[in-house]
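**Student:** Following this message is one structure expressed as structure tokens.
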Amino acid sequence: MPLTTELVELLKERKKNPPHRRWVFVNKDGDAEGHFLRKFKAIAKRAGLNCGNCKTTIKQGKYHLRKTTEVTCATSPVCEKHHLHRLRKTCATRWLRNGVNLMDIKTWLGHKSLETTELYLSDTKHIGSEMQANIDKAGTY
Numbered sequence: 622m623p624l625t626t627e628l629v630e631l632l633k634e635r636k637k638n639p640p641h642r643r644w645v646f647v648n649k650d651g652d653a654e655g656h657f658l659r660k661f662k663a664i665a666k667r668a669g670l671n672c673g674n675c676k677t678t679i680k681q682g683k684y685h686l687r688k689t690t691e692v693t694c695a696t697s698p699v700c701e702k703h704h705l706h707r708l709r710k711t712c713a714t715r716w717l718r719n720g721v722n723l724m725d726i727k728t729w730l731g732h733k734s735l736e737t738t739e740l741y742l743s744d745t746k747h748i749g750s751e752m753q754a755n756i757d758k759a760g761t762y
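Counting with this note's numbering, you get residues 622 to 762 for the letters of the sequence shown.
Structural data, given as structure tokens:
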């Protein structure tokens, strides 16, 4: 998967003073971060992106005091519309809209068929070249 020049530079900087000798992303205890979806949903909630309608049950409390509670995404980071896989689809769509060749996107995503790649894309009208500049453009917010 290609990375923007900006992200490559950020990762190089992080490598100079890594938080761990083995992991790039660590939790507050210094262990490998294994809860990206939970973090992603928490960020979405803080940004006000939750729909407010999703309901689920979660366990709250510690040890023998744990009890099951019903929550909504209006008050908890549990919105069902946020999935890590959507970031992959968004990235592919942004590449395409910024002129990255469809066959390159297919390869980068690891798809065997072009049809699978097209399912990922919101828009298939803008196809072109000049890859690295376009990847950089797609990564700019």
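For glycine and all other residues, C-beta sits at the position ideal for the given N, C-alpha and C.
With a cut-off of 9 angstroms, does the C-beta of glycine 720 fall near any C-beta of chain D?
**Tutor:** Protein chain content of the structure displayed is limited to a single chain, and chain D is not contained in it.
**Student:** For serine 697, which residues in the same chain have their Cβ closer than 6 angstroms to its Cβ, ignoring the five residues on either side in sequence?
**Tutor:** none
**Student:** Thinking C-alpha only, which one of Asn674, Gly731, Trp729 is nearest histidine 703?
**Tutor:** Asn674
**Student:** Methionine 724 to alanine 759, Cα distance in whole Å?
**Tutor:** Methionine 724 and alanine 759: Cα-Cα distance of roughly 17 angstroms.
**Student:** Identify every run of the beta strand (DSSP E) within the stretch 666 to 692, keeping only runs that are complete inside it and at least 3 residues long; order them along the chain.
**Tutor:** Whole beta strand (DSSP E) segments, 3+ residues: 676 to 681.
**Student:** When you compare each of Asn719, Thr677, Leu628 to alanine 771 by their alpha carbons, which one comes out closest?
**Tutor:** Nothing about residue 771 can be read from this structure; the chain reaches only from 622 to 762.
**Student:** Once DSSP output is grouped into helix, strand and coil, what is the label at valine 647?
**Tutor:** Strand.
**Student:** By DSSP's criteria, alanine 653 is part of a beta bridge. Which residues make up the other side?
**Tutor:** Val647
**Student:** Along the alpha helix (DSSP H) that carries alanine 713, what are the first and last residues, could you check?
**Tutor:** That run of the alpha helix (DSSP H) goes 705 to 718.
**Student:** Return helix, strand or coil for glutamate 799, following the three-state DSSP convention.
**Tutor:** Absent from the structure is residue 799, since the part of the chain shown begins at 622 and ends at 762.
**Student:** Is the Cβ-Cβ distance between leucine 705 and phenylalanine 646 less than 9 angstroms?
**Tutor:** no
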